[in-house]
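Using this note's numbering, the letters of the sequence shown correspond one by one to residues 1 to 136.
Where is the CB? At the ideal position from N, CA and C, for every residue including glycine.
Notes follow the structure.
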Amino acid sequence: MTKNNSEKSDKIDKSLADILKSRRKEWRFHLSLPALIKGNLPKGKKFEEKTILKNISSGGAYFSLDSGVTIGSKLNLVIDIPNNLTEGKKITLQLGGLTVRLKKPTSTDKKQEIALCFNEDFQFITKTEEKKKNSS
1 MTKNNSEKSD
11 KIDKSLADIL
21 KSRRKEWRFH
31 LSLPALIKGN
41 LPKGKKFEEK
51 TILKNISSGG
61 AYFSLDSGVT
71 IGSKLNLVID
81 IPNNLTEGKK
91 ITLQLGGLTV
101 RLKKPTSTDK
111 KQEIALCFNE
121 DFQFITKTEE
131 KKKNSS
């Protein structure tokens, strides 16, 4: 192998390694699901804001908010799973996580885009379980 071919091969190997390294671990699903986000703003003020998810995976979610959270903010995400995905059952998914990436609002979209990385704390709640919780 000549020097030029060796250099080209090294560049290709490095590019391939970079591509493989940057691949996501989970599949992302582009589901426009309505969600409620709960959390605390940087000065400790609590907030709740409705949004539509841009995508979700087993590791996190991507959405927009007006609230002004910062990287490292702990957020809770509440999703009412659509009936057509649950065979007609009323199921709510509650997830917690940390804000790991922010995209500043643009002049056309005034909302801040947020990447949330889920922690291990999640719950599926059926409406009957929710009624039991509220009555106790």
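Other residues of its chain near residue i: CB distance less than 7 Å, five sequence neighbours each side excluded
i, result
"Phe124", "Ile91, Leu93"
"Lys46", "Asn40"
Counted within 10 angstroms of its Cβ, other Cβ atoms place residue i as buried (16 or more) or exposed
i, result
"Val69", "buried"
"Ile37", "buried"
"Ile56", "buried"
"Ser58", "exposed"
Cβ neighbours of residue i in the same chain (closer than 6 Å, five flanking residues each side left out)
i, result
"Val100", "Ala115, Cys117"
"Asp80", "Thr92"
Supposed close pair residue i, residue j - CB separation, criterion 8 Å
i, j, result
"Phe63", "Ile71", "Not really, about 15 Å apart at Cβ, beyond 8 Å."
"Asn119", "Gly97", "5 Å"
"Asp66", "Glu49", "6 Å"
Beta-carbon proximity list for residue i, same chain, < 8 Å, skipping 5 on both sides
i, result
"Leu102", "Val69, Thr70, Ile71, Gln112, Glu113, Ile114, Ala115"
"Ala35", "Lys50, Thr51, Ile52, Leu53, Ala61, Phe63, Leu77, Val78, Ile79"
"Lys110", "Asp66"
Span separating the alpha-carbon of residue i from that of residue j
i, j, result
"Gly60", "Lys43", "25 Å"
"Leu31", "Thr86", "15 Å"
"Asn76", "Leu95", "6 Å"
"Thr108", "Asp121", "35 Å"
"Thr126", "Asn84", "15 Å"
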